[in-house]
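Novice: Read in the numbering used here, the sequence shown has 107 at position 100, and its numbers run on one by one without any break.
Note that CB positions come from ideal geometry on N, CA and C, so glycine has one too.
Only a predicted model underlies this, so the values are computations on that prediction, with no experimental measurement involved.
Below: one structure in C-alpha coordinates.
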Amino acid sequence: MWFKGNEAKEQLLKSISIGFDQHGWILEEWVILDNHYHLLGNAPDDSSNLSGMMQEIHKFVALWIKKNILESESSEKIMCNYRNTCITYEASYFARLNYIWSNPVKHGYTDNAEEWVYGSYFKKAEKDKEELEKIIKK
(Lines of atoms letter the chains of each structure in order from A and count residues from 1; the text may use other names and numbers.)
(Lines give C-alpha, C1' and ligand atoms only; values in the text may rest on other atoms or scores of the structure.)
Protein backbone atom coordinates (compact mmCIF):
# COMPACT_ATOMS: atom_id res chain seq x y z
CA MET A 1 0.00 0.00 0.00
CA TRP A 2 2.89 2.37 -0.77
CA PHE A 3 0.71 4.62 -2.90
CA LYS A 4 -1.96 5.28 -0.28
CA GLY A 5 -1.00 8.93 -0.05
CA ASN A 6 -1.59 11.39 -2.86
CA GLU A 7 2.05 12.50 -2.83
CA ALA A 8 3.20 8.94 -3.51
CA LYS A 9 0.72 8.61 -6.39
CA GLU A 10 1.97 11.91 -7.83
CA GLN A 11 5.59 10.76 -7.54
CA LEU A 12 4.81 7.49 -9.31
CA LEU A 13 3.02 9.30 -12.15
CA LYS A 14 5.89 11.77 -12.44
CA SER A 15 8.44 8.94 -12.62
CA ILE A 16 6.37 7.06 -15.20
CA SER A 17 5.97 10.19 -17.33
CA ILE A 18 9.69 10.97 -17.21
CA GLY A 19 10.62 7.36 -17.99
CA PHE A 20 8.26 7.16 -20.95
CA ASP A 21 9.51 10.49 -22.32
CA GLN A 22 13.18 9.58 -21.93
CA HIS A 23 12.74 6.22 -23.65
CA GLY A 24 10.54 7.40 -26.51
CA TRP A 25 7.33 5.75 -25.34
CA ILE A 26 3.92 7.44 -25.32
CA LEU A 27 1.84 7.04 -22.17
CA GLU A 28 -1.72 6.69 -23.44
CA GLU A 29 -3.73 5.49 -20.44
CA TRP A 30 -2.99 4.93 -16.77
CA VAL A 31 -4.46 4.48 -13.33
CA ILE A 32 -2.76 4.50 -9.94
CA LEU A 33 -4.36 2.82 -6.93
CA ASP A 34 -3.04 2.37 -3.38
CA ASN A 35 -1.15 -0.86 -4.07
CA HIS A 36 -0.78 -1.14 -7.83
CA TYR A 37 -1.04 0.65 -11.13
CA HIS A 38 -1.87 -0.06 -14.77
CA LEU A 39 -0.40 1.53 -17.87
CA LEU A 40 -1.20 1.44 -21.56
CA GLY A 41 1.58 2.79 -23.71
CA ASN A 42 2.53 3.15 -27.31
CA ALA A 43 5.97 1.71 -28.03
CA PRO A 44 8.62 3.24 -30.24
CA ASP A 45 9.83 1.26 -33.26
CA ASP A 46 12.46 -0.39 -31.07
CA SER A 47 10.62 -1.42 -27.91
CA SER A 48 13.52 -3.46 -26.52
CA ASN A 49 14.07 -0.78 -23.86
CA LEU A 50 10.85 -1.61 -21.98
CA SER A 51 12.54 -3.69 -19.30
CA GLY A 52 15.23 -1.08 -18.66
CA MET A 53 12.67 1.72 -18.58
CA MET A 54 10.50 -0.08 -16.04
CA GLN A 55 13.56 -0.88 -13.89
CA GLU A 56 14.49 2.81 -13.85
CA ILE A 57 10.94 3.89 -12.99
CA HIS A 58 10.71 1.31 -10.19
CA LYS A 59 14.17 2.23 -8.88
CA PHE A 60 13.37 5.94 -8.56
CA VAL A 61 9.93 5.30 -7.06
CA ALA A 62 11.36 2.79 -4.56
CA LEU A 63 14.04 5.30 -3.50
CA TRP A 64 11.37 7.96 -3.00
CA ILE A 65 9.18 5.58 -0.98
CA LYS A 66 12.11 4.47 1.22
CA LYS A 67 12.92 8.12 1.92
CA ASN A 68 9.37 9.38 2.48
CA ILE A 69 7.21 6.53 3.82
CA LEU A 70 8.31 5.36 7.26
CA GLU A 71 6.53 2.00 7.05
CA SER A 72 8.73 1.06 4.11
CA GLU A 73 11.96 1.02 6.13
CA SER A 74 11.61 -2.64 7.09
CA SER A 75 10.62 -3.81 3.60
CA GLU A 76 13.25 -5.40 1.43
CA LYS A 77 11.30 -5.03 -1.79
CA ILE A 78 9.16 -2.04 -2.69
CA MET A 79 8.34 -2.50 -6.37
CA CYS A 80 7.75 -6.11 -7.34
CA ASN A 81 7.47 -6.56 -11.08
CA TYR A 82 5.62 -5.65 -14.23
CA ARG A 83 3.91 -7.60 -16.96
CA ASN A 84 3.69 -6.56 -20.56
CA THR A 85 1.42 -7.52 -23.41
CA CYS A 86 1.53 -6.48 -27.04
CA ILE A 87 -1.99 -5.61 -28.13
CA THR A 88 -2.70 -6.63 -31.71
CA TYR A 89 -6.52 -6.54 -31.93
CA GLU A 90 -8.81 -3.55 -31.57
CA ALA A 91 -11.17 -5.50 -29.29
CA SER A 92 -8.25 -6.35 -27.01
CA TYR A 93 -7.24 -2.68 -26.90
CA PHE A 94 -10.74 -1.58 -25.86
CA ALA A 95 -11.01 -4.37 -23.27
CA ARG A 96 -7.77 -3.18 -21.63
CA LEU A 97 -8.82 0.44 -21.92
CA ASN A 98 -12.06 -0.38 -20.12
CA TYR A 99 -10.15 -2.34 -17.49
CA ILE A 100 -7.83 0.58 -16.76
CA TRP A 101 -10.60 3.16 -16.71
CA SER A 102 -12.89 1.08 -14.48
CA ASN A 103 -10.21 -0.20 -12.08
CA PRO A 104 -10.87 2.42 -9.35
CA VAL A 105 -14.56 1.46 -9.38
CA LYS A 106 -13.78 -2.27 -9.34
CA HIS A 107 -11.60 -1.83 -6.25
CA GLY A 108 -14.11 0.39 -4.44
CA TYR A 109 -12.18 3.67 -4.53
CA THR A 110 -15.05 5.50 -6.19
CA ASP A 111 -18.46 4.86 -7.71
CA ASN A 112 -17.60 6.75 -10.88
CA ALA A 113 -14.29 6.43 -12.75
CA GLU A 114 -14.32 10.03 -13.88
CA GLU A 115 -14.03 11.09 -10.24
CA TRP A 116 -10.74 9.19 -9.67
CA VAL A 117 -8.07 11.89 -9.99
CA TYR A 118 -5.24 9.38 -10.35
CA GLY A 119 -6.33 8.00 -13.68
CA SER A 120 -6.27 9.08 -17.29
CA TYR A 121 -10.07 8.77 -17.48
CA PHE A 122 -10.40 11.70 -15.05
CA LYS A 123 -8.12 13.83 -17.21
CA LYS A 124 -9.98 12.90 -20.38
CA ALA A 125 -13.40 13.50 -18.78
CA GLU A 126 -12.25 16.95 -17.73
CA LYS A 127 -10.97 17.72 -21.21
CA ASP A 128 -13.41 16.16 -23.68
CA LYS A 129 -16.51 14.37 -22.44
CA GLU A 130 -18.01 13.96 -25.95
CA GLU A 131 -14.92 12.16 -27.27
CA LEU A 132 -15.01 9.80 -24.28
CA GLU A 133 -18.61 8.88 -24.95
CA LYS A 134 -17.71 7.95 -28.56
CA ILE A 135 -14.93 5.68 -27.31
CA ILE A 136 -17.17 4.06 -24.68
CA LYS A 137 -19.81 3.23 -27.32
CA LYS A 138 -17.27 1.15 -29.31
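May I ask you to report which of helix, strand or coil DSSP gives Trp37?
Specialist: In the structure shown, Trp37 sits in a strand (DSSP, three-state: E or B).
Novice: If we ignore side chains and look at the alpha-carbon of each, how far apart do Glu121 and Tyr128 end up?
Specialist: 6 Å
Novice: Less than 9 Å separating the beta-carbons of Val38 and Asn110?
Specialist: yes
Novice: Could you pull the start and end residues of the beta strand (DSSP E) that His45 belongs to?
Specialist: That run of the beta strand (DSSP E) goes 44–49.
Novice: Measuring straight from C-alpha to C-alpha, what distance separates Ile72 and Lys84?
Specialist: 11 Å
Novice: So what does DSSP say about Gly115, is it helix, strand or coil?
Specialist: coil
Novice: Measuring straight from C-alpha to C-alpha, what distance separates Phe101 and Glu14?
Specialist: 30 Å
Novice: Tell me, please, which residues DSSP counts as bridged to Gly126.
Specialist: As a beta-bridge residue in DSSP terms, Gly126 pairs with Val38.
Novice: Thinking C-beta only, is His45 closer than 9 Å to Ile107?
Specialist: yes
Novice: Looking at Val68 and Gln29, is the spacing between their C-beta atoms short of 9 Å?
Specialist: no
Novice: Among Leu40, His43, Ser82, Thr92, which residue has its Cα nearest to the Cα of Asn49?
Specialist: Thr92
Novice: So Leu20 and Phe27 are supposed to be a Cβ contact under 8 Å. How far apart are they, rounded?
Specialist: Not a contact, Cβ separation roughly 11 Å.
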